[in-house]
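Numbering (UniProt numbering), first residue to last: 1 to 241. All C-beta atoms, glycine included, are put in the ideal place defined by N, C-alpha and C. In what follows, a structure is listed as structure tokens, so that the remarks can point back to it.
Okay, here's the thing in structure tokens:
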């Protein structure tokens with residue numbers, strides 16, 4: 001596939017750019033991965049990180065890589081919260097957002113609002129009490145569906161805490177003139193189909209594609225995901241009204 005320096009990959013909660021690195025350079029050479037901030041910090045320090053800190057870190061990476069070009073964000077899971085918020089701080093810089101099993105609340109809402117009703121009210125309390133890093137067994141059984149054992153081990157061992165603010169902060173965004181695509185992950189145990197369907201309803205994408213994959217298709221189904229993203233990036237080249 002052709003090189004595209006206008007593509008920026010964002011990773012989901014607890015992860016880092018390593019989930020995208022091999023995929024991005026194999027299929028979209030010249031693209032970049034924009035990591036969340038302070039990945040090596042301890043849990044106590046991470047509690048102080050605000051959503052604006054996340055957006056500032058990702059925004060700085062985008063501006064450094066593409067100072068004179070508009071970009072398309074490929075947002076995995078909760079990173080869509082950051083991507084959507086950046087459409088305001090980098091107004092006119094973002095020409096497209098493609099969500100991959102992405103969490104998309106209504107403008108002026110937060111991540112928790114996208115969850116099924118049974119989790120919507122309990123999850124904030126659970127995360128406040130126990131933190132944002134699930135037990136290893138839950139990480140393995142929810143994130144690692146379809147992955148080789150060695151890759152699953154890396155996901156579990158490298159999983160990092162996030163700030164509560166990433167989940168609880170309300171965001172505002174305006175997607176006028178921005179292309180929107182969504183890749184629905186049919187076997188995702190970490191972010192279930194009901195949550196993805198609600199996110200799609202909130203997002204109102206120009207294109208929705210389905211992939212029979214768990215939460216990390218860039219690792220389990222790279223060829224299929226690359227084909228979908230390539231088609232959406234080509235679709236993005238049309239004029240969005």
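Examine the Cβ distances between the stretch 130-148 and the stretch 18-34 and report whether three or more of them are shorter than 8 Å. no
Return the bridge partner residues of residue 180 from the DSSP annotation. Locating residue 180 in the chain shown gives position 180, counting from the first residue. Paired residue(s): 97.
When the Cα atoms are used, what is the spatial distance from residue 123 to residue 162? Reading the chain shown from its first residue, position 123 is the one you call residue 123. Reading the chain shown from its first residue, position 162 is the one you call residue 162. Straight-line Cα distance between these residues: approximately 15 Å.
Here's a check: name, in chain order, each residue in its chain whose Cβ is nearer than 7 Å to the Cβ of residue 20, leaving out the five neighbours to either side. Within the chain shown, residue 20 is the residue found at index 20, counting from 1. So the list reads 9, 11, 33, 218, once near-sequence residues are dropped.
Residue 210 lies in the beta strand (DSSP E); which residues open and close that run? Residue mapping note: residue 210 aligns to position 210 of the chain shown, counting from 1. It spans 207-211 - the beta strand (DSSP E) in which residue 210 sits, taken as one unbroken run.
Which listed residue (215, 179, 51, 165) has its alpha carbon closest to that of residue 102: Here residue 102 is taken as the residue at index 102 of the chain shown, counted from 1. Of the candidates 215, 179, 51, 165, the one whose C-alpha sits nearest the C-alpha of residue 102 is 215.
What first and last residue would you give for the alpha helix (DSSP H) that runs through residue 9? Taking the chain shown and counting its residues from 1, one reaches residue 9 at position 9. Element bounds for residue 9: not the alpha helix (DSSP H) but the beta strand (DSSP E), 7-10.
Is the beta carbon of residue 97 less than 9 Å from the beta carbon of residue 178? In the chain shown, residue 97 corresponds to position 97, counting from 1. In the chain shown, residue 178 corresponds to position 178, counting from 1. In this structure, residue 178 lies closer than 9 Å to residue 97 by Cβ.
At what residues does the alpha helix (DSSP H) containing residue 193 begin and finish? Numbered from 1 along the chain shown, position 193 holds the residue referred to as residue 193. Per DSSP, residue 193 belongs to the alpha helix (DSSP H) from 193-203.
Residue 138 vs residue 164 beta-carbon contact at 9 Å: Numbered from 1 along the chain shown, position 138 holds the residue referred to as residue 138. Numbered from 1 along the chain shown, position 164 holds the residue referred to as residue 164. Judged by beta-carbon spacing, residue 164 lies beyond the 9 Å limit of residue 138, meaning their Cβ atoms are not closer than that value.
Per-residue burial, residue 121 [other beta carbons within 10 Å of its own, 16 or more giving buried]: Here residue 121 refers to the residue found at position 121 of the chain shown. With fewer than 16 Cβ atoms within 10 Å of its Cβ, residue 121 is classed as exposed.
For residue 100, I'd like the list of residues in its chain whose CB is within less than 6 Å of its CB, leaving aside the five on either flank, ordered along the chain. For the purposes of this step, residue 100 is taken as residue 100 along the chain shown, with counting starting at 1. For residue 100, where only same-chain residues beyond five positions count, the Cβ hits under 6 Å are 76, 183.
Could you check how far apart the C-beta atoms of residue 212 and residue 186 are, in whole angstroms? I think they sit under 8 Å. Here residue 212 corresponds to residue number 212 of the chain shown, with the count starting at 1. Here residue 186 corresponds to residue number 186 of the chain shown, with the count starting at 1. Right, their Cβ atoms sit about 5 Å apart.
Contacts around residue 114, its chain only, beta-carbon distance under 8 Å, and the 5 residues preceding and following it disregarded: To locate residue 114, count along the chain shown from 1; it is residue 114. So the qualifying residues of the chain are 103, 104, 105, 195, 198, 199, 202.
DSSP puts residue 76 in a beta bridge; with which residues? Within the chain shown, residue 76 is the residue found at index 76, counting from 1. In the DSSP output, where bridge partners are listed per residue, residue 76 has 100.
Enumerate in chain order the residues of its own chain whose CB-to-CB distance from residue 241 is below 6 Å, with the five nearest sequence positions on each side excluded. Taking the first residue of the chain shown as 1, we reach residue 241 at position 241. For residue 241, the pLDDT reaches just 49, beneath the cut-off of 50, and the residue's location in the model is therefore unreliable, leaving the point undetermined.
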